[in-house]
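Asks: Got a structure for you, questions after.
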């Protein structure tokens, strides 16, 4: 399994569809996952530390887990079927529950649970950003990540409200 980090949420142009960008922790591949507007907002809230006036569904789930005496030990981006990512929530190391990838990511951010995926999924859907700076493109990839982070500094969850939640790879 390959460890992933959530870089953030943005709106892909020209389709205006929200996308979550994941990056393999010990590598150079990125995993873009198109998500619905509500999930994009939930993910952006968690990343920005925004607490809504009332708990969102993902906040409720994150609160229920320890209240019921369990621990979320891992979240896997487990499959890509018909252009849709699916995830698995792993509780107490043994109990597995199927989930949409977008919901799993929102829950992972709220619980501090690690995200992983398989080498096969990264081979199939991962993107390596290459450039002119070096043979491996590492400098260009770092520049792209920096531009993405600058975008995240200026985007708000409200930017995702009212967007259509259809599209390829939507979780």
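Residue numbers (this note's numbering): 704 to 874.
Ideal Cβ positions, reconstructed from N, Cα and C, are used throughout, including at glycine.
Start and end of the alpha helix (DSSP H) containing residue 707?
Replies: Not the alpha helix (DSSP H): residue 707 falls in the beta strand (DSSP E), residues 705 to 715.
Asks: Closer than 6 Å by C-beta to residue 696: which residues in its own chain qualify, once you throw out the five before and the five after it? Chain order, please.
Replies: The displayed coordinates of the chain run from 704 to 874. Any statement about residue 696 would go beyond what the structure contains.
Asks: Taking Cβ to Cβ, would you say residue 816 is nearer than 9 Å to residue 810?
Replies: yes
Asks: Which term fits residue 766, buried or exposed, when burial requires 16 or more other beta carbons within 10 angstroms of its beta carbon?
Replies: Around the CB of residue 766, fewer than 16 other CB atoms lie within 10 Å, so the residue is classed as exposed.
Asks: Does the Cβ-Cβ distance between residue 808 and residue 736 come in under 9 Å?
Replies: Their beta carbons are under 9 Å apart, which means residue 808 touches residue 736 by this criterion.
Asks: Run through the DSSP bridge pairs and tell me what residue 819 is partnered with.
Replies: 706 and 779
Asks: Where does residue 831 fall in DSSP's three states?
Replies: strand
Asks: With DSSP collapsed to three states, give me the class of residue 754.
Replies: Residue 754: coil per DSSP, three-state reduction.
Asks: Just the C-alpha distance for residue 814 and residue 757, rounded to the nearest angstrom, thanks.
Replies: 18 Å
Asks: Which class does residue 814 belong to by DSSP, given the choice of helix, strand or coil?
Replies: Assignment of residue 814 by DSSP, reduced to helix, strand and coil, places it in the helix class.
Asks: If distances are taken between C-alpha atoms only, which option among 718, 723 and 714 comes closest to residue 804?
Replies: 723
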